[in-house]
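Trainee: When you line the sequence shown up against the numbering used here, it's residues 1051 to 1491, in that order. Can you keep this structure in mind? I'll have questions shortly.
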Amino acid sequence: MLETVLNIGRILRESGQIKHHRYIRKPKPITDKKISIEYFSIPVKEDFSFDFDEKTKITDEDFTNLGLYYLVYKTVDTDNSVKYIFGDIYYEVDKDGKEVGYYRLRNDAAKNLQSLDSFHRGKKDAETFIGTGIEKFRVAYENNLEKIDKFLREKRSKSGIYLHFNFGGKSWYELQAEWQAINQKFLVEFFTHQQDKYVLQKFLYKTLSLGSGQMPSFNSKNTYKVKCFSNVSEAMNLIYGINYSQRDVIGAKGVKIIVLPKGKNLCYNDIESFFEKRKLQDEKIVEGKISREEISLENRFDGLLDPLVREVENIEQFDLVFSRASNAGSPDTDLVEIAGLEKSFLVDLSEKIKKLSLFLQEEKNKFLSGKNKKIEYLDITTAFLNILGDKTTDKKNIKTIYSKSYLKFIEEFIAEMMFYYLLLSRKFNITLETEYVALIP
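The structure is reproduced here in structure tokens:
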């Protein structure tokens, strides 16, 4: 799976689409209709100085939707200190008065680092950029800090605020030297050198940078034997590919199914089509624009197979991974990985499942006709969620009294399936890769 993630990351990085960088964000739509986001542009001169009083409001919606991104600066993936280093700012306060976005104002009631604003929280880290345009910009920012602080405090009760710094028609991430300096800082923080290679030294990806006790010969100096990156570009591929490697097709009750596309001629548009377009129908259902009942049985969207069998050019295979979802700040655990599932096989399987589903749906409708019972569409997603059990008490499918027996059954079931998979792989040369063969630890 890792090689697939790195290949996806390479394609995303080479496309120049900044939004796929692990530490780049754009404001999420505000769900409260009483609150909106106001966008302001501040012109920055060639010497990186600026006057905050020269700000103007941005009204071009195409620009705000497509061109504005801010930096989420972190030195470890779990870093919640919200340090500001460079570039645009997004600041918002939710209905409970909690600061969200990625900027914090000074708070004299707090202690230690939490009492500082984001600019001063990032001051030590910013020493890395001495002699660059980032240093010059921060000098100008500090000169305008009181004005910025006052402006954000005045505006925060009415809207989210986005401050865009306009560098002669360019956004901060379009400044090549400064953008390279920021990425170099990420490399220094997350990677180290071993045997003239780049090796991950902090957690970023679930199967890399394990504890020293899990390294060859139980020595952290042997990390390069697990996975190393030949150059800067290879290391950056991980930073670009990691977000999609964590996006589940189905996720419930702590279990995630992750699917990644593969193909010799895979391109950016193929990846975008696979990951982004499959969300449209489910989003419309969630937003209430359409109901599942309005979609004909023949055209129902299956959350698992539909994204895989849809005609997306150049996708030939998929890596499918069952993972146990982690708590915040710790990595997911891969349970079973199946590498190289052929798309043609899944197309045939999908058609068979759809025919059977339609037949069962008709029989179910006949049986429940006139009984005024809710009829749910039969698909793989629904079946998977039913196996796991609903979160509400009255819909639990697996009662506590049966839990131990059920878990034992799952262990033995997977062991039996793995045995037959291995037999098939030897007989028919089928590729099956697993990192963990036991579902229950």
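Every residue, glycine too, gets a C-beta built ideally from N, C-alpha and C. Please read all numbers here as calculations on a predicted model, not as lab measurements.
Beta-carbon within less than 8 Å of residue 1067's beta-carbon, same chain only, minus the 5 sequence neighbours each way: which residues are those?
Mentor: Hits under 8 Å: 1318.
Trainee: Does the distance from the CB of residue 1372 to the CB of residue 1321 come in under 8 Å?
Mentor: Contact flag unset, no.
Trainee: With DSSP as the reference, identify every bridge partner of residue 1077, one or two as the case may be.
Mentor: DSSP, once it has assigned bridges, lists no residue as partnering residue 1077.
Trainee: Suppose you measure from the CA of residue 1184 to the CA of residue 1136; what does that come to, to the nearest Å?
Mentor: Approximately 6 Å between the Cα atoms of the pair.
Trainee: Where DSSP assigns a beta bridge to residue 1142, which residues make up the other side?
Mentor: Residue 1142 pairs with 1150.
Trainee: Are residue 1384 and residue 1310 touching if we call contact CB-CB under 8 Å?
Mentor: It is not a contact, given that the beta carbons lie outside the stated cut-off.
Trainee: Mind checking who residue 1167 pairs with in its DSSP beta bridge?
Mentor: DSSP lists no partner for residue 1167.
Trainee: Excluding the 5 residues preceding and the 5 following residue 1056 in the sequence, name in chain order all residues of the same chain whose CB lies nearer than 8 Å to its CB.
Mentor: Excluding sequence neighbours, residue 1056 sits near 1284, 1287, 1288, 1291.
Trainee: Helix, strand or coil for residue 1285, going by three-state DSSP, please let me know.
Mentor: Three-state DSSP puts residue 1285 in a helix.
Trainee: Indicate whether residue 1126 and residue 1152 have their beta-carbon atoms separated by less than 8 Å.
Mentor: No, the pair does not count as a contact, with Cβ atoms beyond the cut-off.
Trainee: Using the three-state DSSP reduction, which class does residue 1186 fall into: helix, strand or coil?
Mentor: DSSP places residue 1186 in helix when its eight states are reduced to three.
Trainee: Among residues of its own chain, excluding the 5 on either side of residue 1237, which ones have a beta-carbon nearer than 8 Å to its beta-carbon?
Mentor: If we look at residue 1237 and ignore the five residues flanking it on each side, its Cβ neighbours are 1248, 1282, 1285, 1286.
Trainee: Flag this pair as yes or no: are the beta carbons of residue 1365 and residue 1324 separated by less than 8 Å?
Mentor: Cβ atoms of residue 1365 and residue 1324: closer than 8 Å.
Trainee: Three or more beta-carbon pairs under 8 Å between the region 1101-1109 and the region 1187-1197, yes or no?
Mentor: Touching, yes.
Trainee: Would DSSP call residue 1223 helix, strand or coil?
Mentor: Three-state result, residue 1223: helix.
Trainee: Under 6 Å Cβ to Cβ from residue 1062, same chain only, skipping five residues before and after it: list those, please.
Mentor: Around residue 1062: 1070, 1290.
Trainee: Give the range of the alpha helix (DSSP H) segment to which residue 1297 is assigned.
Mentor: No alpha helix (DSSP H) contains residue 1297, which DSSP labels as neither H nor E.
Trainee: Between residue 1240 and residue 1252, what straight-line distance do the alpha-carbon atoms span, to the nearest angstrom?
Mentor: C-alpha separation (whole angstroms): 5 Å.
Trainee: Measuring alpha carbon to alpha carbon, tell me which of 1087, 1280, 1129, 1242 ends up nearest residue 1205.
Mentor: Nearest option by C-alpha distance: 1087.
Trainee: What do you get for residue 1172, buried or exposed, if any count of 16 or more other CB atoms within 10 angstroms of its CB means buried?
Mentor: Residue 1172 comes out buried.
Trainee: What residue from 1414, 1213, 1058, 1293 has the CA that sits closest to residue 1072's CA?
Mentor: Looking at the Cα atoms, 1293 is the closest of the given residues.
Trainee: Note down the Cα distance separating residue 1098 from residue 1090, rounded to an integer number of angstroms.
Mentor: Answer to the nearest angstrom: the Cα atoms are 18 Å apart.
Trainee: Return yes when the Cβ of residue 1391 is within less than 8 Å of the Cβ of residue 1367, no when it is not.
Mentor: Closer than 8 Å, so yes.
Trainee: Can you tell me whether residue 1128 is buried or exposed, with buried defined as 16 or more other CB within 10 angstroms of its CB?
Mentor: Counting Cβ neighbours within 10 Å, residue 1128 comes out exposed, since fewer than 16 surround it.
Trainee: CA-CA distance, residue 1177 and residue 1235?
Mentor: Spanning the two alpha carbons is a distance of roughly 11 Å.
Trainee: In the DSSP assignment, find the alpha helix (DSSP H) that holds residue 1318 and state where it starts and stops.
Mentor: 1318-1326 is the extent of the alpha helix (DSSP H) around residue 1318.
Trainee: For residue 1139, I'd like the list of residues in its chain whose CB is within less than 6 Å of its CB, leaving aside the five on either flank, ordered along the chain.
Mentor: Answer for residue 1139: 1153, 1213, listed in chain order.
Trainee: Within 10 angstroms of the Cβ of residue 1394, are there 16 or more other Cβ atoms? Answer buried if so, exposed if not.
Mentor: Flag for residue 1394 reads exposed.
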